[in-house]
Structures are given as C-alpha cells and as structure tokens.
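>
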Amino acid sequence: MYQIAIVDDNEAWCFILEARLGQHGYAVSTFTDPDAFLREAERFDLALIDFSMPPRRYQINTDGPDVICRLRQRVANPPLVILISSFFTDDILSQTSDLGLEADAYLSKSVESAGLLRQIDRLLAPKRSLAREKSQGRTDSQQRSERSSVMEMGDSLRRCG
C-alpha cells in the first residue's frame with residue numbers, strides 16, 4: 001500500500017483528501033504543520049503539498065516551495081511531490097521553476113478527485129512496475145528452485161530404482 005502525505009494548513013481540505021484517497025486504497029497521513037511532515041517525510045511515497053500556507057502560523061517560512069526546498073535538502077530519498085493550489089497560474093508555475101523547486105506535478109485544488117487520482121497513478125506507475133518486477137523476479141527464482149528440487153528428486157528415485 002502506498003503512503004501519501006497531505007501537507008496543508010486547511011484541516012477541512014486535509015480531511016476531504018484523506019477520505020477520497022483512502023477510498024482508493026492509499027494509506028494517508030495529514031499534516032497541518034510542515035515541520036512535522038519533514039520529520040517523517042522519508043516514509044512516504046508521495047506528498048501533496050499546499051503552495052500557500054501562512055507563515056505567521058509557524059515560526060519559519062512554510063509556503064509550499066519552501067517545504068519542497070527543505071524536503072530536497074534534508075531527505076535522502078524524498079517522496080514524489082504534487083504541489084497543489086487554489087490559484088495556479090502560469091506565473092506561479094514559472095516562479096517555482098525559476099527557484100529550482102520543481103514539483104513532480106502541479107494541480108489546482110478541486111473537489112473533483114479524478115484528476116488528482118490520475119496524477120497520483122501516473123507518478124506512482126514506475127514504483128508499481130518496479131515492485132511488480134521484483135515480485136516477479138522472486139517468483140521466477142522460486143519456480144526455478146522448485147523445478148531443480150523436483151529434478152534432483154527424480155534423479156535420486158532413478159538411482160534407487
């Protein structure tokens with residue numbers, strides 16, 4: 001099961017997303033405090049981070065681009081990031097690109113979850129493929145081992161008989 005973090009100062013929005021993603025089989029944790037998220041970030045496969053969180057609520061600057069920057073600096077294996085916002089425009093997208101804080105995807109906040117689910121599926125597809133390959137690899141080696149054991153048993157029976 002994939003682990004998804006939601007980092008947003010709006011608790012109601014966190015609740016809505018958590019419920020929707022949970023219905024689709026994702027394990028979801030919500031964070032209204034970006035520092036709490038950063039302390040646990042390595043355990044997540046993907047993070048939905050709000051672009052605009054009010055800095056006055058926290059001790060330090062905590063808007064989405066800052067959280068992404070800190071995430072990339074502190075975490076050896078950071079999760080994939082979808083930056084979400086109520087007001088995404090070309091200016092905002094270029095601002096994040098200019099700062100070198102490119103997220104893996106950008107989405108507008110919306111009550112419609114199909115677009116979000118498509119983005120999550122698209123971003124997690126390589127991880128799914130890798131997991132499937134690893135699983136298949138173990139299955140293939142197990143099958144080879146079983147075939148080898150059966151052949152050895154057959155050889156032993158022939159020698160005895």
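Residue 114 in UniProt numbering is what sits at position 114 of the sequence shown, and the numbering runs on without skipping anything. Don't be surprised by glycine CBs; every beta carbon is placed ideally from N, CA and C.
#1: Beta-carbon separation of Ala103 and Val81 under 8 Å?
#2: For Ala12 versus Phe31, is the C-beta spacing smaller than 8 Å?
#3: Under 8 Å by Cβ, that's how I've got Leu123 and Ala105 pegged, so tell me the actual separation to the nearest angstrom.
#4: Measuring alpha carbon to alpha carbon, tell me which of Met1, Tyr2 and Leu17 ends up nearest Ile84.
#5: To the nearest angstrom, how far is the alpha carbon of Asp50 from that of Phe15?
#6: For Arg128 and Asn10, what's the separation of their Cα atoms in angstroms?
#7: What is the DSSP secondary structure of Ser29, counted as helix, strand or coil?
#8: Following the continuous beta strand (DSSP E) through Gln50, name the residue where it begins and the one where it ends.
#9: How many angstroms separate the CA atom of Pro78 from the CA atom of Pro65?
#10: To the nearest angstrom, report how far apart Leu48 and Gln136 are at their CA atoms.
#11: Any idea if Pro34 is buried or exposed, counting beta-carbon neighbours within 10 angstroms, 16 or more meaning buried?
#12: In the DSSP assignment, the alpha helix (DSSP H) including Ala19 goes from what residue to what residue?
#13: Would you kindly report the start and end of the unbroken beta strand (DSSP E) that includes Ala5?
#14: Taking the straight line between their C-alpha atoms, what separation do you get for Gln119 and Glu42?
The relevant details are as follows:
#1: Going by C-beta atoms, Ala103 is nearer than 8 Å to Val81.
#2: no
#3: 6 Å
#4: Leu17
#5: 14 Å
#6: 30 Å
#7: In the structure shown, Ser29 sits in a strand (DSSP, three-state: E or B).
#8: Looking at the sequence provided, one finds Asp at residue 50 rather than Gln. Leu46 to Asp50 is the extent of the beta strand (DSSP E) around Asp50.
#9: The C-alpha of Pro65 is placed about 14 Å away from the C-alpha of Pro78.
#10: 30 Å
#11: Counting other Cβ atoms within 10 Å of its Cβ, Pro34 reaches 16 or more and is therefore classed as buried.
#12: Glu11 to Gln23 is the span of the alpha helix (DSSP H), which, as asked, contains Ala19.
#13: Judged by DSSP secondary structure, Ala5 falls within the beta strand (DSSP E) whose first and last residues are Gln3 to Val7.
#14: 20 Å
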